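Student: So the mapping is simple: the working numbering equals the position in the sequence shown, first residue as 1, plus 30. This structure is in structure tokens; I'll ask about it shortly.
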Amino acid sequence: MDGYMAIEFGSDYQSVGMSAPSVSKAALERKFIECGERDRMKELLLQRLRESGWVEEVENMCRNYIQNKGIEQVTLEDVLSDVRVRARRAVPDEVKRELMHCIRSFLQQQSGINDL
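Next comes the structure, spelled out in structure tokens:
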């Protein structure tokens, strides 16, 4: 089913002889943006990253990289290449869990599927 998000379901649908519903990934993405949920989640993410000290930690990573290489020898691409992976790994697990919970809740509300 090209263009559709595959969602695995428990045996509930199969046990009553029903096929699992398909939900258009594009439709969910469009709704996610249009209703403002994406912007709300971005704000929540930034707030949680600030509260956890992650933003300051990444700023320090960037500052240290520039100091070690010399400001005249560094491009933005160099800094991003060096810091990106470490910064992503440094996102606190609790922040990841909270954001995933918000995304799942949105998907469940919009799709009517409770088994995500």
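Ideal placement from N, C-alpha and C gives every residue a C-beta, glycine not left out. If you're wondering where the values come from, they're calculated on a predicted model, not measured in any experiment.
Counting Cβ pairs, one atom from each stretch, are 3 or more of them under 8 Å apart for the segment 132–142 and the segment 57–75?
Tutor: Yes, the segment 132–142 is in contact with the segment 57–75.
Student: Can you give the Cα-Cα distance for N144 and L106, rounded to whole angstroms?
Tutor: To locate residue 144, count along the sequence shown from 1; it is residue 114. To locate residue 106, count along the sequence shown from 1; it is residue 76. The straight-line gap from Cα to Cα measures roughly 43 Å.
Student: When you compare only the Cα positions, how much space is there between E59 and G142?
Tutor: Numbered from 1 along the sequence shown, position 29 holds the residue referred to as residue 59. Numbered from 1 along the sequence shown, position 112 holds the residue referred to as residue 142. Each residue's alpha carbon lies about 15 Å from the other.
Student: Tell me, to the nearest whole angstrom, how far the beta carbon of L75 is from that of L129; I am working on the premise that it is less than 8 Å.
Tutor: Position 45 of the sequence shown holds residue 75. Position 99 of the sequence shown holds residue 129. Going by Cβ atoms, the distance from L75 to L129 rounds to 6 Å, so yes, they are a contact pair.
Student: Taking the C-alpha atoms as reference points, what is the distance between Y43 and E86?
Tutor: For the purposes of this step, residue 43 is taken as residue 13 along the sequence shown, with counting starting at 1. For the purposes of this step, residue 86 is taken as residue 56 along the sequence shown, with counting starting at 1. For Y43, the pLDDT reaches just 39, beneath the cut-off of 50, and the residue's location in the model is therefore unreliable, leaving the point undetermined.
Student: At what residues does the alpha helix (DSSP H) containing A57 begin and finish?
Tutor: In the sequence shown, the residue the question calls residue 57 occupies position 27. K55 to E64 is the span of the alpha helix (DSSP H), which, as asked, contains A57.
Student: For I143, which of helix, strand or coil comes out of DSSP?
Tutor: Residue numbering aside, residue 143 sits at position 113 when the sequence shown is read from its first letter. Of the three classes helix, strand and coil, the one that applies to I143 here is coil, per DSSP.
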